[in-house]
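To start, the structure under review is shown below, and the notes come after it.
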Amino acid sequence: GGFALYWYGGISSLLKSVEFRRTTTEMAQRSARLLGHLKDADPPVQGIKNVCVTGAAGNIAYSILFPIAAGNMLGNNTKINLILLDIPGMEAKLNGVAMELNDCAFPNVEKIVCTTDYKTAFTDCHYALLIGARPRGPGMQRADLLSANAKIFAGQGKALNQYANKDVKVVVVGNPANTNALLTILNAPNIPKTNITALTRLDQNRAVAQISQKSNTPVSDIARCIIWGNHSKTQYPDVTHATIKNKGSVAEVIKDPKWVQTTFCSTVQDRGAAIIEARGLSSAASAAFSAIQHMRDWVQGTPKGQVTSMAVYSDGTHYNIPKGIVYSFPVVCVNGSYSIVDGLSIDSFSRSKMDLTAKELLEEKEMALAMK
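So that you can map any letter, position 246 of the sequence shown is 246 in full-length UniProt numbering, and since no number is skipped, the others follow by simple counting.
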């Protein structure tokens, strides 16, 4: 009960015996962790979440399902039921994908369901990744895609409205993604409009990659690249507010405004078509990776100091973008919700590009509503 004199690394100290025992216990525990014998407490396990992926027998889904199952989207402390939806006639391929998922023995996956039925797929769905759509092929125009996909996404909107959890989070990947998302919103009146989004993170990643190559800096050092508008050739990849860590603004580092306004913009805008031309197939792995990032940031939050691009329903109060279209804005995500970043200065070049892509979305909306 008195004092204990002990030596540690040549330094002597007097401690009460109880403090000595506590200190030596903590040291032993730290040593055990370093040796892998004792683990820190795991975070509490969340309730089981139902995650539905449409077009689940396709190429993008094949690239997205395994990272989702591994916990890359919702985290390792969230158990999931993974629901694979595709059209009738794809049952064998769905079952083959499910076999591979089962063979991975993912600890986060409680159950895998294969279905061609909307009710089975969307009942109490918490997260929906709407990938299934008529794919874009060589020579196809966006009007062709609108015609082929309007009924698909109107139908999925109705099914989500009827069966899904009312707090469901939806990201539309199938093109034309913005207008497909709008059709989903218009057919799901019981789901908040803010909960149905479209993917433009892929475009943002493409923009970051181009800046990285031009400036010879790591992609991780680049922040605040923004995609405005439509996931199409009219999208506006904006680096006006982008920065490079420890170097300053992108404009200051690159010092080539003509390249930014021409080569950079067109490369990002045309990247999807270039990949189709090169591969004979539309983007798959990059789209899958970006969709996981989109949902992960939405659910878990954007990293400090970062913004991300999400195509969301415009209520007409941000940057003079018309109400009633799904438009890509810069957002930050906190606690499962996103907020549009307001107050950014918009120069005349940016304004013209932002208005141009909004105009296209209004035209797509008009065409899609006439078709559905």
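Using N, Cα and C, we set each Cβ at its ideal position, and we do this for glycine too.
Taking the beta strand (DSSP E) that residue i falls in, what are its first and last residues?
| i | result |
| --- | --- |
| Y313 | 308 to 313 |
| F329 | 326 to 334 |
| K79 | 78 to 85 |
| S337 | 337 to 340 |
| A198 | 196 to 198 |
| D238 | 236 to 238 |
Under a three-way DSSP split, which group does residue i fall into?
| i | result |
| --- | --- |
| V171 | strand |
| F106 | coil |
| P67 | helix |
| I346 | coil |
| T116 | coil |
| I131 | coil |
| N59 | helix |
| G316 | coil |
| A223 | strand |
| residue 373 | An answer regarding residue 373 cannot be provided, because it is not within the stretch 1 to 372 covered by the chain. |
| K304 | coil |
| S282 | coil |
| N50 | strand |
| K323 | coil |
| G157 | helix |
| K111 | strand |
| G75 | coil |
| G272 | helix |
| G96 | helix |
Roughly how many angstroms separate the alpha carbons of residue i and residue j, rounded to a whole number?
| i | j | result |
| --- | --- | --- |
| Q204 | S286 | 11 Å |
| T243 | L82 | 38 Å |
| K49 | A69 | 12 Å |
| N335 | N149 | 32 Å |
| L34 | L101 | Note on L34: pLDDT 43, under 50, position unreliable in the model; the coordinate value appears next. Cα to Cα, L34 sits roughly 32 Å from L101. |
| Q235 | S266 | 10 Å |
| V326 | T179 | 7 Å |
| S350 | P237 | 9 Å |
| F122 | P67 | 21 Å |
| N187 | V312 | 16 Å |
| V356 | D347 | Going by the sequence as given, residue 356 is Leu instead of Val. Spanning the two alpha carbons is a distance of roughly 14 Å. |
| V97 | N190 | 32 Å |
| A291 | F106 | 20 Å |
| Y118 | D221 | 43 Å |
| S215 | P257 | 13 Å |
| V260 | M367 | 32 Å |
| Y338 | L65 | 24 Å |
| V307 | T194 | 17 Å |
| T120 | E110 | 16 Å |
| T262 | L344 | 22 Å |
| S314 | M73 | 26 Å |
| R279 | G316 | 39 Å |
| A143 | E364 | 8 Å |
I'd like the span of the alpha helix (DSSP H) that includes residue i, first residue to last.
| i | result |
| --- | --- |
| N180 | 177 to 186 |
| L202 | 201 to 215 |
| D297 | 285 to 300 |
| C265 | 265 to 269 |
| V250 | 250 to 254 |
Report, in whole angstroms, the separation of the C-beta atoms of residue i and residue j, which I expect to be a contact under 8 Å.
| i | j | result |
| --- | --- | --- |
| V168 | L160 | 6 Å |
| L199 | H294 | 6 Å |
| W228 | K353 | 7 Å |
| S184 | L130 | Per the sequence presented here, residue 184 reads as Thr, with Ser not at that position. With 8 Å as the limit, T184 and L130 qualify as a contact, their Cβ atoms being about 7 Å apart. |
| V331 | I340 | 6 Å |
| L219 | A209 | One point to set straight first is that residue 219 is Val, not Leu, in the sequence displayed. Yes, V219 and A209 are in contact; Cβ-Cβ is about 6 Å, under 8 Å. |
| L145 | N175 | 6 Å |
| Q300 | G75 | 6 Å |
| I152 | A133 | 6 Å |
| I196 | V239 | Incorrect: roughly 28 Å between the Cβ atoms, too far for contact. |
Please confirm if residue i has its CB atom under 9 Å from at least one CB of chain B.
| i | result |
| --- | --- |
| G324 | Judged by its chain identifiers, the structure shown contains no chain B, having just a single protein chain. |
*asked:* Check whether the segment 81 to 97 and the segment 49 to 59 are in contact - that is, three or more C-beta pairs closer than 8 Å.
replied: The segment 81 to 97 makes contact with the segment 49 to 59: 3 or more CB pairs, one atom from each, lie closer than 8 Å.
_Inter-stretch contact at 8 Å, needing at least 3 Cβ pairs: the segment 269 to 288 / the segment 60 to 68_ = Using a C-beta cut-off of 8 Å, the segment 269 to 288 makes contact with the segment 60 to 68, since at least three inter-stretch Cβ pairs fall below that distance.
*Touch test, the segment 267 to 277 against the segment 245 to 257, Cβ-Cβ under 8 Å, three pairs minimum*: Counting Cβ pairs under 8 Å, fewer than three are found: no touch.
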